[in-house]
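Here the structure is laid out as structure tokens; the discussion comes afterwards.
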Amino acid sequence: MTNRILTALLLMSSMLVMGSCAKDEGSEFLVDEPLQQYFDRFEAEAALRNVVIDYEALKISGDIRIITTPNVIGQCVHTDKEPNTVIVDKFYWETADDLEREFLVFHELGHCAINRPHLDDSDTHGDCVSIMTSGTGLCHINYTTATRTDLLDELFTQ
Ligand SMILES: [Zn+2]
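Residues in the sequence shown are numbered from 18 upward in steps of one, following my numbering.
In structure tokens:
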């Protein structure tokens with residue numbers, strides 16, 4: 018058993034090495050394990066609304082790391098090194114609950130997967146009409162089990 022685990026670990030590390038070699042070919046994309054379920058959920062919620070999310074084709078990576086820019090808890094970056102990557106801040110992630118994590122990942126995938134820009138419109142209560150709010154306080158974020166369905170409808174039908 019121990020040997021098997023060791024073999025698996027060795028295999029994993031050699032795959033990682035191969036992965037970094039293949040990076041230049043643009044064939045590598047990795048999603049950090051804790052983010053995967055939210056990526057899956059995003060795909061499932063999109064599918065419910067007849068939107069196809071093909072991560073293989075989009076090559077979106079997901080990474081939890083320390084974001085040093087003040088007041089930024091998530092990013093969708095397009096750089097030479099990271100052509101399409103969702104980044105979430107490690108410290109925010111560790112203290113966020115499930116809905117807060119979902120909101121953040123869905124917002125960034127809104128940029129990275131379906132090319133949505135920011136939208137800061139508010140309803141009559143001052144609540145943001147979209148998950149794609151810039152979060153700069155122009156509207157009040159009210160993402161709860163009660164508002165989730167409407168906000169997901171908005172996200173995938175723009
Ligand atoms: Zn944004």
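Virtual Cβ for every residue (Gly too), placed ideally from N, Cα, C.
Exercise for the section: Please classify glutamine 92: does DSSP put it in a helix, a strand, or coil? Expected result: strand
Handout entry: Segments of 4+ residues assigned as alpha helix (DSSP H) that fall wholly inside the region 104 to 146
Key = 107 to 112 and 115 to 129
Exercise for the section: Along the beta strand (DSSP E) that carries arginine 16, what are the first and last residues, could you check? Expected result: Outside the shown range of the chain, which is 18 to 175, sits residue 16, and nothing can be said about it.
Problem - Inter-stretch contact at 8 Å, needing at least 3 Cβ pairs: the region 154 to 163 / the region 102 to 122 - result: yes
Problem - Span of the alpha helix (DSSP H) around alanine 74 - result: 72 to 75
Handout entry: Contact under 7 Å by Cβ, serine 147 with glutamate 125
Key = no
Practice task
Determine which residues share a DSSP beta bridge with threonine 85 and list them.
Solution key: Its beta-bridge partners do not exist; DSSP assigns none.
Problem - Burial state of glycine 154 (16 or more Cβ within 10 Å) - result: exposed
Practice task
Report yes or no: do three or more beta-carbon pairs, one from the region 138 to 145 and one from the region 72 to 80, lie closer than 8 Å?
Solution key: no
Practice task
Identify the continuous alpha helix (DSSP H) that holds alanine 63 and give its terminal residues.
Solution key: 50 to 65
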